[in-house]
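S.K.: Sharing a structure, written as structure tokens. Questions coming.
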Amino acid sequence: MSLTRIVKLSITTSKKLAFEQFFGEHRHIILSFKGCQHVALLKSTDDFYFTYSIWDQESSLNAYRNSVQFGKIWSKTKTFFSGKPEAWSLDEINYE
Numbered sequence: 638m639s640l641t642r643i644v645k646l647s648i649t650t651s652k653k654l655a656f657e658q659f660f661g662e663h664r665h666i667i668l669s670f671k672g673c674q675h676v677a678l679l680k681s682t683d684d685f686y687f688t689y690s691i692w693d694q695e696s697s698l699n700a701y702r703n704s705v706q707f708g709k710i711w712s713k714t715k716t717f718f719s720g721k722p723e724a725w726s727l728d729e730i731n732y733e
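Anchor point for the sequence shown: position 73 equals 710 in this note's numbering, and the numbering is continuous, going up by one each time.
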């Protein structure tokens with residue numbers, strides 16, 4: 638069973654394009670991490686950003702979150718924030 642991770646990000650208006658570019662330049666690092674099946678950046682109609690990622694399991698996500706790569710990416714990502722991020726880890730409900 639996979640794990641879906643959604644993180645809601647409030648980005649400073651003047652930094653939105655730079656944030657999108659930064660994410661695009663670093664997406665491949667996250668995606669290449671062991672256990673990451675998918676990662677995307679989404680933008681809502683009310684101007685919030687969301688990262689959407691799918692992981693093989695929670696331990697894969699935690700390994701990434703404890704990695705040097707995450708530390709570097711996250712420390713730069715925080716410089717774009719205009720508010721506190723919110724995060725959810727979700728398991729899909731299967732009806733089969």
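Don't be surprised by glycine CBs; every beta carbon is placed ideally from N, CA and C.
The structure presented is a predicted model; accordingly, all values stated were derived computationally and were not measured.
1. Which residues in the same chain as F659 place their Cβ atom closer than 8 Å to its Cβ, once the five residues preceding and following it in sequence are excluded?
2. So, with DSSP's three-state summary, where would you put Y701?
3. Examine the Cβ distances between the region 643 to 658 and the region 671 to 688 and report whether three or more of them are shorter than 8 Å.
4. Could you check if I648 is buried or exposed, using at least 16 other CB atoms within 10 Å of its CB as the buried criterion?
5. Cα-Cα, which of L640, C673, K652 is closest to G720?
6. Answer with buried or exposed for W692, where buried requires no fewer than 16 other C-beta atoms within 10 angstroms of its C-beta.
7. When DSSP labels each residue in this structure, what does I643 get in the three-state scheme?
M.R.: Quick answer:
1. Translated into the one-based positions of the sequence shown, residue 659 becomes position 22. Counting only Cβ-Cβ distances below 8 Å, and skipping sequence neighbours, we find K713, T714, F717.
2. For this step, residue 701 is matched to residue 64 along the sequence shown. In the three-state reduction of the DSSP assignment, Y701 falls in the helix class.
3. Three or more beta-carbon pairs drawn from the region 643 to 658 and the region 671 to 688 are found closer than 8 Å, and the two stretches are therefore classed as touching.
4. Position 11 of the sequence shown holds residue 648. Buried, since its Cβ has 16 or more Cβ neighbours within 10 Å.
5. Locating residue 720 in the sequence shown gives position 83, counting from the first residue. Taking only the C-alpha atoms, the option nearest G720 is K652.
6. Position 55 of the sequence shown, counting from 1, holds the residue named residue 692. Under this definition W692 is a buried residue.
7. Along the sequence shown, one-based indexing puts residue 643 at 6. In this structure, I643 counts as strand in the three-state DSSP scheme.
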